[in-house]
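Numbering (the working numbering), first residue to last: 12 to 301.
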């Protein structure tokens with residue numbers, strides 16, 4: 012699944028170090044892999060870090076969901092908060108940083124008029140209809156020379172307009188649903204954006220499967236806040252890094268991810284061959300979770 016555009020505007024700065032959250036172990040939770048070093052402490056420790064155990068990772072995500080947490084707004088990307096929200100975005104206390112209505116545990120927080128919450132079944136139509144298209148006057152050109160790959164931002168004229176093709180649904184049922192999560196941002200009944208993530212226990216990777224922000228809401232902090240929720244989830248699950256894929260022609264998104272501290276970690280020049288995106292190259296980016 013392609014990662015859509017996301018706006019950000021000022022240079023990235025490293026976030027403060029914060030400890031990885033812990034979850035309370037349940038007596039019946041054990042690792043499905045016998046070699047896991049955490050297993051021996053499952054019965055004796057009341058607090059163990061969310062680790063690479065698939066069973067315990069599922070418990071961690073359930074714990075986050077049950078409490079309606081995982082979404083306190085912390086400036087992981089170094090960006091300033093939206094106008095009028097500086098004190099709430101930088102406040103260390105969760106209860107003040109993201110106001111959460113007591114009657115809805117799926118709500119992760121509210122910034123201004125935008126509500127961030129876990130996705131519901133009734134959101135499917137709005138998610139499918141969100142306009143993730145973008146226009147750009149530059150692309151990240153990939154060249155191969157002398158056994159080396161080079162990535163360079165190059166101007167293009169006229170500007171390129173990209174509309175993402177409909178998903179074929181081939182991977183809708185892949186993976187463990189308990190390790191996947193979708194957070195949506197709504198202003199009243201208007202969908203502002205969403206982010207889909209999936210956790211892979213074997214290498215402790217949180218993948219950004221998709222992130223999209225409606226055109227009218229780009230540059231207003233929605234995408235940044237959605238990404239912060241993803242990093243909250245990554246810390247809760249004990250992820251070592253966050254990873255994403257983006258097409259090389261989506262320069263606005265690539266620049267935004269670079270400002271958020273992501274770096275290039277690979278590419279694939281043939282991934283889109285035979286699809287509606289033939290001719291584009293897939294860029295892989297990642298960022299370690301601290």
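Idealized CB from N, CA, C, for every residue including glycine.
Query: Would you list the residues sitting across from residue 211 in a DSSP beta bridge?; Result: 216
Query: Given that a residue counts as buried once 16 or more other Cβ atoms are within 10 Å of its Cβ, and exposed if not, what is residue 243?; Result: buried
Query: Roughly how many angstroms lie between the CA atoms of residue 264 and residue 219, to the nearest whole one?; Result: 13 Å
Query: How would you call residue 179, buried or exposed, if buried means at least 16 neighbouring beta carbons within 10 angstroms?; Result: Residue placement at residue 179 is flagged as unreliable, the pLDDT there being 49, under the threshold of 50; a coordinate-derived value is accordingly withheld.
Query: Do you know how far the Cα of residue 120 is from the Cα of residue 240?; Result: 10 Å
Query: State yes or no: is the C-beta of residue 223 within less than 7 Å of the C-beta of residue 140?; Result: no
Query: Near residue 94, what residues of its chain come up, given a Cβ to Cβ distance below 7 Å and the 5 sequence neighbours on each side ignored?; Result: Its pLDDT being 45, under 50, residue 94 is placed unreliably in this model, and the coordinates cannot settle the point.
Query: Rounded to the nearest angstrom, what separates residue 127 and residue 134 at their Cα positions?; Result: 13 Å
Query: Note down, in chain order, each residue of its chain lying with its Cβ closer than 8 Å to the Cβ of residue 290, except the 5 sequence neighbours on either side.; Result: 283
Query: Rounded to whole angstroms, what's the CA-CA distance from residue 258 to residue 177? Just pull it up for me.; Result: 15 Å
Query: In this structure, how does DSSP classify residue 173 when only helix, strand and coil are distinguished?; Result: strand
Query: What does a CB cutoff of less than 8 Å around residue 199 pick up in its chain, not counting 5 residues either side in sequence?; Result: 124
Query: Taking residue 159 as the reference, which of 298, 287, 278 has the closest Cα?; Result: 278
Query: Where do the N-terminal and C-terminal ends of the alpha helix (DSSP H) with residue 227 fall, by residue?; Result: Taken as a continuous stretch (DSSP letters only), residue 227 belongs to no alpha helix (DSSP H), as it is neither H nor E.
Query: Would you report the Cα separation of residue 301 and residue 271, rounded to the nearest angstrom?; Result: 14 Å
Query: Tell me whether residue 293 sits in a helix, a strand or coil according to DSSP, three-state version.; Result: strand
Query: Counting C-beta neighbours from all protein chains within 10 Å, is the total for residue 238 16 or more, i.e. buried, or is it exposed?; Result: buried
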